[in-house]
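In the working numbering, the protein residues as written are 1172 to 1488.
Positions of the beta carbon are idealized from the N, C-alpha and C atoms, including for glycine.
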Amino acid sequence: MSKTAPKKTSKELISIVIPCYNEQEVIRTCHTKVVEAIENLPYGFEIIYINDGSRDKTLEILREINAEDKRARILNLSRNFGKEAAMTAGIDACKGEALIILDADLQDPPVLIPKMIKIWKEQDVDVVYGQRVEREGETWLKKATASAFYRVINHISAVSIPRNTGDFRLMNRRAIEALKKLREHHRFMKGLFAWIGYKQAALQYNREPRAAGTTKWNYWKLSNFAMEGITSFSIVPLRIATLVGFLISLLAFGYGTFILLKTLFFGRDLPGYASLMVMITFLSGIQLLTIGILGEYIGRIFGETKNRPLYFIEEEL
Ligand code: UDP
Ligand code: MG
């Protein structure tokens, strides 16, 4: 802004955080696109690439980028910690007045960076989150399951998570500092982003298909992710287990009374194999399910009580 401002002579700094795991095919294009997008903006930029234990040439390419462009920083994690931890490393390390999180595969279009900054400045919000209007290149099944997931989680958790949002977003310093205080190990980021609150605005965009390379997600990971989200932000499953237990006890009491009276008035009749079998299998099913739900929460307690650091940095450039 005004160059005559008394104290701040240098431009306001904005950090861009890009987690990378095996992204050798796209990382160069990604850097070029980001640079194109930010070149004429009146801000200073640092672009932080977090190499999340890539097994391909990602790190070598990042080193080249770092040598060519002084805006590029690299955090090389000691192994693959997962996207959530990689983003957290970037969030912890960023120095900017604002932070933008971007996927390396260009699914979050870098051309939107100026727009995001504009919304941040003009609407004076703390967070500008990207919201997909169309899910191009995704299967019908993925769309359907995603939609079901949002419906469930928004029903049973106290914070409401905006639909069709990912990690692509801008956060100002206040939001960054808030997020940095949440050190939980089971990091369901969408939930954490929503949990901190503050003023948030949406930026609608079309999510492109991956530019190159392959996604690291599969249905097993996605279902774990959904489970993660639900158990991180709600204890409703425990309530449901209690409720189901209560209902079944009630039914059992009714049926027990019925059998007792029947025996008293009409005498014993031995056949009962079918009903016995159905009861036993039904009840053991419910019991195992309930134990499973309990186990989910105990597992989370286990993970949190170890209280390990979220990631280790091997090298910083
Ligand atoms: N990523 C990461 N660590 C991982 C998996 C993914 O840092 O263990 C990064 C990846 O390089 C990309 C972003 O997270 O920049 C999103 O990953 P991906 O495109 O595979 O997920 P999708 O877009 O399919 O949800
Ligand atoms: Mg992707």
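So, is residue i buried or exposed, given that buried needs 16 or more other C-beta atoms within 10 angstroms?
i                  : result
alanine 1176       : With a pLDDT of 47 at alanine 1176, under the threshold of 50, the modelled position of that residue is not reliable, and the figure given next carries that caveat. Per the 10 Å Cβ criterion, exposed.
glutamine 1278     : buried
threonine 1434     : exposed
glycine 1466       : exposed
serine 1173        : With a pLDDT of 46 at serine 1173, under the threshold of 50, the modelled position of that residue is not reliable, and no figure is offered here.
glutamate 1194     : buried
arginine 1340      : buried
tyrosine 1444      : exposed
aspartate 1274     : buried
threonine 1428     : exposed
aspartate 1297     : buried
alanine 1450       : The residue asked about is misnamed: residue 1450 is methionine in this sequence, not alanine. Exposed is the call here.
lysine 1178        : Note that lysine 1178 scores 49 on pLDDT, short of 50, meaning its location in the model is unreliable; the coordinates nonetheless yield the value given after this. Looking at its Cβ environment, which holds fewer than 16 other Cβ atoms inside 10 Å, lysine 1178 is exposed.
phenylalanine 1424 : exposed
proline 1480       : exposed
Please tell me whether residue i has its Cβ less than 8 Å away from any Cβ of chain D.
i                  : result
phenylalanine 1339 : In summary, chain D is missing from the structure at hand, where a single protein chain is found.
Could you tell me if the beta carbon of residue i falls within a distance shorter than 7 Å of some heavy atom in the ligand UDP?
i               : result
aspartate 1499  : Because the chain in this structure spans residues 1172 to 1488, residue 1499 falls outside the shown range and cannot be described.
glutamate 1194  : yes
asparagine 1519 : Residue 1519 lies beyond the residue range present for the chain, which begins at 1172 and ends at 1488; the question has no answer from this structure.
alanine 1397    : no
lysine 1254     : yes
leucine 1190    : A quick correction: the sequence has proline, not leucine, at residue 1190. Answer for proline 1190: yes, Cβ within range of the ligand UDP.
tryptophan 1388 : yes
aspartate 1223  : yes
asparagine 1377 : no
Between which two residues does the alpha helix (DSSP H) holding residue i run?
i               : result
glycine 1263    : Inspection of the sequence shows that residue 1263 is occupied by aspartate rather than by glycine. Note, aspartate 1263: alpha helix (DSSP H), 1254-1264.
glutamine 1458  : 1444-1477
proline 1408    : 1407-1437
serine 1210     : According to the sequence provided, residue 1210 is glutamate. The question's serine does not apply to it. No alpha helix (DSSP H) holds glutamate 1210; DSSP gives it neither H nor E.
serine 1397     : According to the sequence as given, residue 1397 is alanine; it is not serine. Where alanine 1397 is concerned, the enclosing alpha helix (DSSP H) stretches over 1390-1404.
leucine 1283    : That residue, leucine 1283, is in no alpha helix (DSSP H); it is neither H nor E in DSSP.
isoleucine 1324 : 1311-1327
isoleucine 1236 : 1229-1239
Determine the direct distance from the alpha carbon of residue j to that of residue i, and round the result to whole angstroms.
i               : j               : result
serine 1446     : isoleucine 1464 : 27 Å
glycine 1224    : alanine 1260    : 13 Å
leucine 1270    : glutamate 1217  : 10 Å
lysine 1392     : threonine 1476  : 23 Å
leucine 1246    : leucine 1374    : 28 Å
isoleucine 1406 : aspartate 1240  : 47 Å
histidine 1202  : tyrosine 1192   : 15 Å
arginine 1439   : alanine 1317    : 54 Å
alanine 1412    : serine 1455     : 13 Å
methionine 1398 : alanine 1315    : 16 Å
lysine 1351     : lysine 1266     : 13 Å
glycine 1470    : leucine 1409    : 14 Å
What residue range does the beta strand (DSSP E) around residue i cover?
i               : result
asparagine 1343 : 1336-1343
tyrosine 1369   : Tyrosine 1369 -> no beta strand (DSSP E), and no H or E assigned at all.
asparagine 1247 : 1243-1248
serine 1186     : 1184-1191
Residues near the ligand MG, criterion Cβ-heavy atom distance below 6 Å: Those residues placing their Cβ nearer than 6 Å to any heavy atom of the ligand MG are, following chain order, Asp1274, Asp1276, Gln1278, Arg1381 and Thr1386.
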